Structures are given as C-alpha cells and as structure tokens.
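Residues in the sequence shown are numbered from 1 upward in steps of one, following UniProt numbering. All residues carry an ideal CB built from backbone N, CA and C; glycine is no exception. Remember, predicted model here, so these are calculated numbers, not experimental data.
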Amino acid sequence: MKTIKHIALRAFGLLMMACAATAFTACSSDDDPFFTAEETDAPRILNTNIPEWKDGQPQALVTQSRTSNFVFNIIATPRDYTTISWYLDGQLIHEGDSIDQPLLAGDHELKIVATTTKGLSTSRTTRVVITPADGDPVLGTKAKDLWVAPGAKTTIHGCTHLDKVAKVFIGGKEAAIVSAVNGNLTLTVPADLAEGDYRVVLQDAAGQQYGGGTIKITNEPYPDKSETLWEGSFNVTWGTPFDALKDDFINHVHAGTILKVYVNGDGQGTATTAWWNNLLTGKGDPERGDITISGSQVLEYELTDLSIQLLKDQNGFLMVGNGYTITKVTVE
C-alpha cells in the first residue's frame, strides 16, 4: 500500500509540475507585446527611458557633445506592423527602430512617431540637448538680438570663434554677413522668410556646419523685457556717488545692453566707471560729458565693447555728479 501511495503521489507531483510549466509558458507568451499584438491593434511605445513632461514642458532625453552620435532605440508594438519616424524640430530625420547619427549643437525638440500599416499612430515628445565642441563657433543668446524683421539687420553680441564662420543660414536660406568682429556678428536676414522661429546654421570655409541656436523672424516690436537692478531713492552728490551696483553691474550687462537710470532734481551727472571716467568714452573730467538734469528724466546709455572693458579694468560702475536723486536703474 505504501508503494502504491508513493507512486500515486509522485505521479500527481509530476503532473502538477507539468501544468505549472505549461501555464508559465502560456503566460509568458500572452505578455509578450511583440507577438500578441495584431495589425489592427493601436500602436504603443513601450520605452520607460523617455522622461515624462514637467510643468507642461518636455524634458531632456540626453545631453551630449556634438562630437558623439545620437544613439537611441525604440521598442514599439505591434512590432511587425509599426514604423518609427523621428522628427527633429519638426523635420523628419530618420525612419526605423534605432537611430545612430550626428546632430548639430542646440536644444532640439524630438518627436518620435509610431505608425502602423493600418494608419494608427502614437507619439512621444522629448528634447535632445547637443552641446558644441571646444573651438566651435557659438552665437550669443540675448533675446533682443535674435528678434528681427524679415530683411532687417541685427547684431548678435557675445559670440565666440567667429573667425570660423564663412556663411550663416536661417531656415535653410543664406543670410548676408555684414561683419563678424570682437564677438559680435552683424547680419541681414533673408527678406523672403515668413514670420516664425528658425534654426540658425553656421558654416566654415570647408563646409563644416555648426548649430547656431534659433532666431525669431517677426514684424512685431520686441516686447519690453527690462530688468530692474535697483529701485529706491539715492541722493547723488560730489561726495556720495551712487555705488549700490558697483561690483554686481558687470554680471548683468554686455555690449548692446541698454542702461536706463531714472532720475529727478536739478544738477548734473552721468554713468561712469569706479574711476569716474565716462562709461561710454572712457574720458574723465573735464571731458567726461556730464548731463544737465532738470526735473524728472531718464538717462539712457547703450553699452559697447569699450564699456564692458572699462567696467572690468576700472573696478565697476558708478553714477556720479551732484544735485539729483536716482529712483530706479534698469537694463534691457
């Protein structure tokens, strides 16, 4: 009896193991999206390594140098009936599950679209941040410089390695370079560009291209985006120049910045370095060029490369003179 009972229990155990193995195989097959999804099913992008949006904005998928190819793979279902399309800043750049190609420097929007043979589609949108390599030409990023009407001229301040720039393209059309000196690129944008945001591409004499960021082509006036650096009430006298921004002012300005100083009173004065030399010319008294102040007015200065150099060499920024009160200082 023990032998018969032992054989029966052993047979039952083997039967249960076989059932479990069969069930596991069936479950594994059912869960595999590549083989269970049909041609008529809605497509799905299964990647968990694409970041979720934050505050309504797509987040960066990768941040890398332009010297490395952008490499990524998409897992989508139904696998046998789905095509993956890659759109960079709205332009189709690749089709296929995997991408491996160089990209120009810039902060790019990447849209990945999965489309089935039945015309059903889904997509994921993210960002790809490509940084310039050492020695690459790079354009400045001041928004006002990059806001220009079709056919108009603009100067982009704060550029680097402009000696490598032979041509500039905006939206695929060549812009006329007026000058490229001292970190400032002056160009005339193509007159036949429709209003919109465009990628800027820089090209050297050998034909190598570099990303130049984006530029807005519009007939709308540039919105006032002034930054208030100081506000209050300060009485300027010969013995008490305004020095509240002496050391920090340089951190908020560059060539092309518009400085506005709101004043009232009956006196004279001007913007200078800490050595009391005119901020625009570098000249001191009696050639400093103090402005006569009568009542309420706004003293306005457009800073130049010389201004920036003077601020660095002569220990910062002052408002000097006598007989007037400063109420606000802004830059734009």
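Backbone CA spacing between residue i and residue j [nearest angstrom]
{"i": "ILE326", "j": "GLY213", "result": "38 Å"}
{"i": "GLY140", "j": "THR77", "result": "43 Å"}
{"i": "ASP134", "j": "GLY282", "result": "34 Å"}
{"i": "GLU287", "j": "PHE249", "result": "24 Å"}
{"i": "ILE75", "j": "LYS54", "result": "23 Å"}
{"i": "TYR210", "j": "THR126", "result": "22 Å"}
{"i": "ASP145", "j": "SER65", "result": "26 Å"}
{"i": "CYS27", "j": "ASN47", "result": "Low per-residue confidence applies at CYS27: pLDDT is 42, beneath 50, and the placement is therefore not dependable, though the value from the model is reported in the following sentence. C-alpha separation (whole angstroms): 21 Å."}
{"i": "PRO241", "j": "PHE234", "result": "9 Å"}
{"i": "ASP247", "j": "LEU303", "result": "16 Å"}
{"i": "ALA21", "j": "HIS94", "result": "Interpretation of ALA21 is limited by its pLDDT of 42, a score under 50 that renders its predicted location unreliable; no figure is taken from the coordinates."}
{"i": "HIS161", "j": "ILE50", "result": "34 Å"}
{"i": "LEU185", "j": "VAL200", "result": "13 Å"}
{"i": "GLY284", "j": "ASP243", "result": "18 Å"}
Where the beta strand (DSSP E) containing residue i begins and where it ends
{"i": "GLN268", "result": "258–273"}
{"i": "ALA60", "result": "60–65"}
{"i": "TYR210", "result": "209–217"}
{"i": "ARG288", "result": "Counting along the chain, ARG288 falls outside any beta strand (DSSP E), and DSSP gives it neither H nor E."}
{"i": "ALA175", "result": "173–181"}
{"i": "SER68", "result": "Premise fails: SER68 is in no beta strand (DSSP E) and is neither H nor E."}
Pick from the options that is closest to residue i, judged by C-alpha positions
{"i": "SER123", "options": "VAL129, GLU109, ILE130, PHE249", "result": "GLU109"}
{"i": "VAL128", "options": "GLY171, LEU146, VAL113, ASP107", "result": "ASP107"}
{"i": "residue 344", "options": "PRO43, GLY269, LYS173, PRO190", "result": "Nothing about residue 344 can be read from this structure; the chain reaches only from 1 to 332."}
{"i": "ASP313", "options": "LYS167, THR67, ASN277", "result": "ASN277"}
{"i": "VAL178", "options": "THR155, LEU310, LEU280, THR160", "result": "THR155"}
{"i": "ALA60", "options": "LEU306, ILE130, LEU185, ASP163", "result": "ILE130"}
{"i": "LEU306", "options": "ASP89, GLY289, ILE291, THR272", "result": "THR272"}
{"i": "GLY269", "options": "ASN322, ASP243, LEU280, LEU202", "result": "ASN322"}
{"i": "VAL236", "options": "LEU318, LEU162, THR188, VAL168", "result": "LEU318"}
{"i": "GLY256", "options": "LYS328, ASN219, ILE308, THR160", "result": "ILE308"}
{"i": "residue 340", "options": "GLN203, VAL201, ILE170", "result": "Any answer about residue 340 is impossible in this case: the structure gives the chain only from 1 up to 332."}
{"i": "LYS142", "options": "VAL253, LYS328, ILE45", "result": "VAL253"}
{"i": "LYS173", "options": "LEU187, LEU92, TYR81", "result": "LEU187"}
{"i": "LEU92", "options": "TYR81, ARG79, ALA114", "result": "ALA114"}
{"i": "ARG79", "options": "ASP41, THR292, ALA166", "result": "ASP41"}
{"i": "GLN203", "options": "THR82, LEU280, LYS164", "result": "LYS164"}
{"i": "THR218", "options": "ALA205, LEU193, GLU39", "result": "LEU193"}
Cβ separation of residue i and residue j, assumed to be a contact under 8 Å, to the nearest whole Å
{"i": "residue 333", "j": "LYS225", "result": "Given that the chain is displayed from residue 1 to residue 332, the structure contains no residue 333 and the question cannot be resolved."}
{"i": "GLU227", "j": "VAL331", "result": "5 Å"}
{"i": "ASP97", "j": "ILE84", "result": "5 Å"}
{"i": "GLY265", "j": "TYR222", "result": "No, GLY265 and TYR222 are not in contact; Cβ-Cβ is about 31 Å, not under 8 Å."}
{"i": "ASP136", "j": "ALA105", "result": "7 Å"}
{"i": "GLY158", "j": "GLY183", "result": "6 Å"}
{"i": "ALA205", "j": "ALA166", "result": "5 Å"}
Residue span of the alpha helix (DSSP H) that contains residue i, given as start and end
{"i": "ILE308", "result": "305–313"}
Are at least three pairs of beta-carbons, each pair with one atom in the segment 291–300 and one in the segment 259–274, less than 8 Å apart?
yes
Count Cβ pairs between the segment 140–158 and the segment 63–73 that sit closer than 8 Å; are there 3 or more?
no
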